[in-house]
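Presented below is the structure to which this report refers.
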Amino acid sequence: MDILMEGKGLRKVYRTGEVEVEVLKGIDFQIYQGEFIVVLGQSGSGKTTFLNIIGGMTKASAGELYYRGQPLHESDERLLTQYRRNEVGFVFQNYNLMPNLTTYENVKLAVEIAQNPLSVTDILREVGLESWADHFPSQLSGGQQQRVAIARAIVKNPELLLCDEPTGALDIQTGIQVLKALQKLNHVYHKTVMIITHNIEIAKMADRVFYLKDGLLDNVLVNEHPVSPEEIAW
Amino acid sequence: MVILRKKAWRDIKENAGVFLACIVVIAIGLLIYTTMSIVFENTYKAQQNFYSETHFADGFIKVTGYPENKVNSLTLLSGVDQVEGRIVKDVRLIDQQKDSNRYLRMITMNLTNPAKLNQLRLITGHYPENNQSEILVDPQFLTANHLSLGDTLKVVIDGQQAAFNITGTAQSSEFVYIMRNSQDLYPSATDFGIAYVPLGSLKDLVKEKGQFNDLVFTLKAGASFDTVKDSLETELKSYGLQSIVPRKDQISNAILTSKLDGLKSMATTLPIVFLGVASFILYTMLRRLIEQQRVSIGTLKAFGFTNREIVGHYLTYPLVIGTAGGLLGSLSGIALSFPLTNLYKQYFALPGLKSEFSVKYLVISLVLALFFSVISGLRGSLDILRLEPAQAMRPPAPMTARKTWIERITWFWKSLSSQAQMGIRDLFRTPMRSLFNVLGIAVVFSLMTVSWSMQNMINLLTVVQLEQVQTYDVKLQLAQPSSTSEVKLDLAHEVGVSKVEPVLEAPATLKNGWLSKEVALMGLEKGATLYNILDKSGNHVEIPEHGILLSERLATALNVKVGDEIYVESLMRQEPLGEKGESLMVQGVVPQYVGLNAFMEEKELQRFLRQGDISTSMLVKMNPAEVGLMKSKYLNASNVASITALKDEDEKIRKMMDSYGFTTWLLAILGGITGFALIYNTSIISLSERKRELASLRVLGMTPREVLRVITSEQWALFAFGILLGIPLAYGLGISMAQAMSTDIFSLPAALPPVALLGAAAGTAFSVLVAQSRAYYKIKSLPYVEILATKD
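Same order as they appear, the protein sequences are chains A and B.
Remember, our numbering sits 577 above the position in the first sequence when you count from 1.
Remember, our numbering sits 36 above the position in the second sequence when you count from 1.
Here you go:
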């Protein structure tokens, strides 16, 4: 498999006033094209920061980061924006939907800047929300809002889909539905998917599992037999 | 970006009240700018065109009599381009029915050798025939006296009665604002008009045989008026020279120019105040909107929207506000310019004065509105847009948790309810924003105060002038300076007369270095009581035996103070060559609300003029019931130019002051609307930022009224600070506006009565209450469950 993304010695330090917090302390990793990766770790281990750096949402304080061989760590804001626009889909822990746009419009928002988007209607059907297209986020449950967020990320047809706790607020059935959509994106459309989760069971779906601990990549395990979402015990 | 546009429109709809407030304030600023600018431009253009078309003179001369055949020789003087002579006579109309005096200023026209200067513009009818008893009159006089072409007017000229047929109406650049003299306060078309008569028709009726008593002239390019004036004085002195006045001091031109200056000043200064307030409202509103949408902005960035696309989206709001405010303000300003121009047409006889739809000001207003709006919008949005997506999606770092200074006043702090503490603490934690809000309220409060007090200033002017300064019943203006003792004796014996005081008025030029001013020197007898000079406290000021007293406006214009010396010249002074004038010491500076005079003791002025014991008018205190009798007796007297009762002056002053009513009321209303918009905006922003806190209080079990106290405590605190700051601001603004509206005819006293301050405070408080009632309604309908359930 081709290397999609590679990081060397990635560090991230946050400064607020006189206080400095080193969240990532030097991470080396590789992500291969078409992989399904789950990132596990306790609260404060640096998972979200790691995801943000990979997604071009923030820059590392030190280290190197390459996407398809291009150095992202040297990119300016304009190039990072292009990277996020064309290559990355993001699913946030708090959904981050636009409150005054309908379900359909929230997904369509992403289509307007995508180079090669998928069909909004098809994606909404994929996540089971085709009959909620005209509803506003305040009229949806937490789970439904999360599915809209996922649809919005997927519709861009990104190479790399990054998900921060996508099933955190969902019931079993909905969670399975979401994971199936992500797995389909990975298996059928060969998109690379990375999920942050506390739910260790989800790791069974992964091709590889990254274990983060205290800002370091503690372990990387290969899962020889990834299972389908229905087989996961919640 | 179709979806982003939908988002923008929905954001606008959700915040419709605040957007509307911004639009209204911008519109108000631009309404004032557009209206005043258009009226200024219309009037200025009409003035310049009229002056140019009619070859308005550069200088105006009054002499006792200058030979007709010598007029052209004056062009040989260096700097003089063209000269024309006329006979000018103020004549009284013979009117059996009315007891008020009607006068015409008759000015001769040379029909055989048509005028090159101060040409007439024929409005209706036709020119009179030479040697015929026919005249043209000004259109306002015709209309005000219900006259028609073909009517006959009977007049008394130099003691003889004569009748003239009206053949038409005409206007002259010399009489755009028709006033009899500089002491006259207000044009009264019923009582005074201008008539143009063929020279041949008037020659035989007047005592000036083969002479002119009035000359007008133009300067050669580059010539200095003062240098030319000196040459003319030398030449004309022996012909009874009375005055040489430059165009800038010619009454009609001076008043029109002063009005134009006032318009221009208002057009530039006032809009800045309103646009400044609008910019502040817009900036705080947009900043609040962007801070609230911080996570959305981060999400858009995460998805790959560029900064330009995001800025473009957030600039939609100020663009919408700027466009709507600009269009509303400019269109309503253009509309308002029509009636305002018509109002000016009532006072200024400018033939070309008209209002038109102005594309120029529509465009300028739009550009101004967009400029202010976009700058505010950009300023409000740049900080967050600079953040990385991950940073933008994180909530901002919490504000300092230190105690603010007001919390350290323990006894006060503990007396407040929890809600009040919440409201007031935030006020002190965001000092810059609070300061801007306080400043906004202070500006609006001061605008309302000054507008309220304008009427008081006007009343004060009227009362002081008519009840304390001018205490005579009748003023007799003599046709020429006459022996004081003789005239006084004659009048003292009239029925009902209890007191007679002489007045000597002489045209003079006062100089201090390069500063000079043409004024009327007023000589009052020692111990005079029928014309009183008062100090700022209303106490009587005794005229000094020597030296001169100046009015405040005059002292300011000449940059002199008590103890300084000024150089005084007067053409009425009979002086040997080389002693044109004299240095006199300024003994005092006194407020003068009506007129622009310098005062001297009569004997001192007589000494200065070297013409002996003369007076030019008499002030009479008498039984009001006998005034009519006095008038009818002296109207025909050859030595009486006019006789006016004080009650006529009263009417004129009040009419003049009424003309300012429109402006003051407009300012008060606009100030009130702006104040409300500012306060409403503050209230809504406060409510919006505190949605979660207020929702939590509702869930805890507080009633909407109890929850409202969080908002009301903040607002009343802002109100209190705003009023405190507004009071000195109001005094400053009052002084500035009184000065801006004052002219050489009247000076407004800058007085802010307590009732104006109270009225403005009540108006501002009313705005606060209305904004709070809206906030109450919003709190009552707050979907607190939904708010608390939704993540930020």
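Positions of the beta carbon are idealized from the N, C-alpha and C atoms, including for glycine.
query: CA-CA distance, Tyr-660 (chain A) and Ile-690 (chain A)?
result: Here residue 660 (chain A) corresponds to residue number 83 of the first sequence, with the count starting at 1. Here residue 690 (chain A) corresponds to residue number 113 of the first sequence, with the count starting at 1. Going from the Cα of Tyr-660 (chain A) to the Cα of Ile-690 (chain A) covers about 12 angstroms.
field: Proximal residues of chain B, C-beta to C-beta of Leu-547 (chain A) below 7 angstroms
entry: Residue 547 (chain A) lies beyond the residue range present for chain A, which begins at 578 and ends at 811; the question has no answer from this structure.
- request: Count the CB pairs spanning the region 730–739 of chain A and the region 660–675 of chain A that are closer than 8 angstroms, and state whether there are at least three.
  value: yes
message: For the region 672–684 of chain A, list every residue whose C-beta sits within 7 angstroms of some C-beta in chain B, in sequence order.
response: Asn-673, Met-675, Asn-677, Leu-678, Glu-682
message: Buried or exposed, going by whether 16 or more other CB atoms sit within 10 Å of the CB of Asp-187 (chain B)?
response: Sequence index remark: in the second sequence, residue 187 (chain B) carries index 151 (1-based). Asp-187 (chain B) comes out exposed.
query: Given 8 angstroms as the limit, is there contact between the region 70–82 of chain B and the region 359–370 of chain B, that is, 3 or more CB pairs closer than that?
result: yes
message: Given this structure, state the Cα-to-Cα distance separating Gln-775 (chain B) from Arg-655 (chain A), to the nearest angstrom.
response: Here residue 775 (chain B) refers to the residue found at position 739 of the second sequence. Here residue 655 (chain A) refers to the residue found at position 78 of the first sequence. Going by the C-alpha atoms only, they are around 56 angstroms apart.
query: How would you list, in chain order, the residues of chain A whose beta-carbon sits under 7 angstroms from the beta-carbon of Thr-440 (chain B)?
result: As a working note, residue 440 (chain B) is residue 404 in the second sequence. By Cβ distance, chain A contributes nothing, its closest Cβ being about 20 angstroms from Thr-440 (chain B), past 7 angstroms.
task: State the beta-bridge partners of Ser-803 (chain B) as determined by DSSP.
output: Indexing the second sequence from 1 puts residue 803 (chain B) at position 767. DSSP lists no partner for Ser-803 (chain B).
- request: Tell me whether Asp-828 (chain B) sits in a helix, a strand or coil according to DSSP, three-state version.
  value: Sequence index remark: in the second sequence, residue 828 (chain B) carries index 792 (1-based). Confidence in Asp-828 (chain B) is poor, its pLDDT being 46 and thus under 50, which makes the residue's placement unreliable; the coordinate value appears in the next sentence. The answer is coil: DSSP assigns Asp-828 (chain B) none of H, G, I, E or B.
field: Burial state of Thr-700 (chain B), where buried means 16 or more other Cβ atoms lie within 10 Å
entry: In the second sequence, counting from the first residue as 1, residue 700 (chain B) sits at position 664. Result: buried.
query: Mind pulling the beta strand (DSSP E) runs of 3 or more residues that sit fully within the region 481–520 of chain B?
result: 510–519
query: Taking 7 angstroms as the CB-CB cut-off, is Val-701 (chain A) touching chain B?
result: By 1-based counting over the first sequence, the position of residue 701 (chain A) is 124. The sequence given here places Leu at residue 701 (chain A); Val does not occur at that position. No, Leu-701 (chain A) lies away from the interface with chain B (no Cβ there is under 7 angstroms from its Cβ).
- prompt: What residues in the region 307–340 of chain B have a beta carbon less than 7 angstroms from any beta carbon of chain A?
  reply: Val-331, Ser-332, Thr-335, Ala-338, Phe-339, Gly-340
query: How many Å lie between Asp-828 (chain B) and Val-331 (chain B) at the Cα?
result: Looking up residue 828 (chain B) in the second sequence gives position 792. Looking up residue 331 (chain B) in the second sequence gives position 295. For Asp-828 (chain B), the predicted model reports a pLDDT of 46, less than 50, meaning its position is unreliable and no value from the coordinates is stated.
task: Along the beta strand (DSSP E) that carries Arg-128 (chain B), what are the first and last residues, could you check?
output: As a position in the second sequence, residue 128 (chain B) is number 92, starting the count at 1. First-last of the beta strand (DSSP E) with Arg-128 (chain B): 124–129.
task: Could you work out which residues of chain A lie near Ala-426 (chain B), taking near to mean beta carbons separated by less than 7 angstroms?
output: If you number the second sequence from 1, residue 426 (chain B) lands on position 390. Those within 7 angstroms of Ala-426 (chain B) in chain A are Asn-629, Met-634, Thr-635.
task: State the DSSP-derived secondary structure class of Arg-785 (chain A), mapped to helix, strand or coil.
output: If you number the first sequence from 1, residue 785 (chain A) lands on position 208. Arg-785 (chain A) falls in the strand class under three-state DSSP.
message: Nearer than 6 angstroms: is that true of the beta carbon of Val-480 (chain B) relative to any heavy atom of the ligand PLP?
response: With respect to the ligand PLP, the structure offers nothing, as it holds no ligand at all.
query: Comparing alpha-carbon positions, which option in B:Leu-590, B:Ile-569, B:Glu-578, B:Asn-568 lies nearest Val-555 (chain B)?
result: To locate residue 555 (chain B), count along the second sequence from 1; it is residue 519. Taking the Cα of Val-555 (chain B) as reference, the smallest distance to any Cα among B:Leu-590, B:Ile-569, B:Glu-578, B:Asn-568 is reached at B:Leu-590.
message: For a contact defined as C-beta to C-beta under 7 angstroms, what are the partners of Ile-39 (chain B) on chain A?
response: Taking the second sequence and counting its residues from 1, one reaches residue 39 (chain B) at position 3. Residues of chain A passing the Cβ test: Leu-678, Glu-682, Lys-685, Leu-686, Glu-689.
task: Pull up the CB-CB distance for Ser-454 (chain B) and Leu-318 (chain B), whole angstroms please, since I reckon it's below 8 angstroms.
output: Start at 1 with the first residue of the second sequence, and residue 454 (chain B) comes out as number 418. Start at 1 with the first residue of the second sequence, and residue 318 (chain B) comes out as number 282. About 33 angstroms; that fails the 8 angstroms criterion.
- request: Please report the Cβ distance between Met-578 (chain A) and Ile-631 (chain A), rounded to the nearest whole angstrom; I am assuming they are in contact, meaning their Cβ atoms lie under 8 angstroms.
  value: Counting from one through the first sequence, the residue named residue 578 (chain A) turns up at place 1. Counting from one through the first sequence, the residue named residue 631 (chain A) turns up at place 54. The Cβ separation is near 17 angstroms, so there is no contact.
task: Give the range of the alpha helix (DSSP H) segment to which Tyr-681 (chain A) is assigned.
output: Start at 1 with the first residue of the first sequence, and residue 681 (chain A) comes out as number 104. Its alpha helix (DSSP H) spans residues 680–688.
field: Paired residues, beta bridge with Ser-470 (chain B) - DSSP
entry: For the purposes of this step, residue 470 (chain B) is taken as residue 434 along the second sequence, with counting starting at 1. In DSSP, Ser-470 (chain B) forms no bridge with anything.
message: Please identify, using Cβ separations under 8 angstroms, the residues of the region 708–736 of chain B that lie next to chain A, in order along the chain.
response: Against chain A - using a Cβ distance shorter than 8 angstroms - the region 708–736 of chain B contributes no residues.
Span separating the alpha-carbon of Ile-64 (chain B) from that of Asp-227 (chain B): The sequence position of residue 64 (chain B) within the second sequence is 28, counting from 1. The sequence position of residue 227 (chain B) within the second sequence is 191, counting from 1. Each residue's Cα considered, the two are about 39 angstroms apart.
message: At the level of alpha carbons, what is the spacing between Gly-648 (chain B) and Pro-517 (chain B)?
response: As a working note, residue 648 (chain B) is residue 612 in the second sequence. As a working note, residue 517 (chain B) is residue 481 in the second sequence. Going by the C-alpha atoms only, they are around 10 angstroms apart.
query: What does a CB cutoff of less than 8 angstroms around Tyr-812 (chain B) pick up in its chain, not counting 5 residues either side in sequence?
result: Taking the second sequence and counting its residues from 1, the one referred to as residue 812 (chain B) is at position 776. Here the set comprises Pro-740, Arg-741, Leu-744.
field: CB contact below 7 angstroms: Lys-81 (chain B) versus chain A
entry: By 1-based counting over the second sequence, the position of residue 81 (chain B) is 45. Chain A contact via Cβ: absent.
Three-state secondary structure assigned by DSSP to Asn-800 (chain A): Here residue 800 (chain A) refers to the residue found at position 223 when the first sequence is read from its first residue. Looking at Asn-800 (chain A) - three-state DSSP - the assignment turns out to be coil, as it is neither helix nor strand.
query: Does any residue of chain A bring its CB to less than 7 angstroms from the CB of Lys-381 (chain B)?
result: On the second sequence, position 345 is the one that residue 381 (chain B) refers to. No, Lys-381 (chain B) does not count as interfacial toward chain A.
- prompt: Nearest to Arg-415 (chain B) by alpha carbon, out of B:Leu-351, B:Leu-404, B:Leu-398?
  reply: The residue you call residue 415 (chain B) lines up with position 379 of the second sequence. Of the candidates B:Leu-351, B:Leu-404, B:Leu-398, the one whose C-alpha sits nearest the C-alpha of Arg-415 (chain B) is B:Leu-351.
message: Just to confirm the assignment: which complete alpha helix (DSSP H) runs, minimum length 4, are found wholly within the region 260–310 of chain B?
response: 261–272
message: Quick check: is the beta carbon of Arg-661 (chain A) nearer than 7 angstroms to any beta carbon in chain B?
response: The count along the first sequence starts at 1 and reaches residue 661 (chain A) at position 84. With 7 angstroms as the cut-off, Arg-661 (chain A) counts as an interface residue toward chain B.
message: Tell me which residues share the same chain as Leu-769 (chain B) and place their Cβ nearer than 6 angstroms to its Cβ, disregarding the 5 neighbours each side in the sequence.
response: Working through the second sequence from its first residue, we reach residue 769 (chain B) at position 733. Same-chain partners within the cutoff: Ser-482, Val-486.
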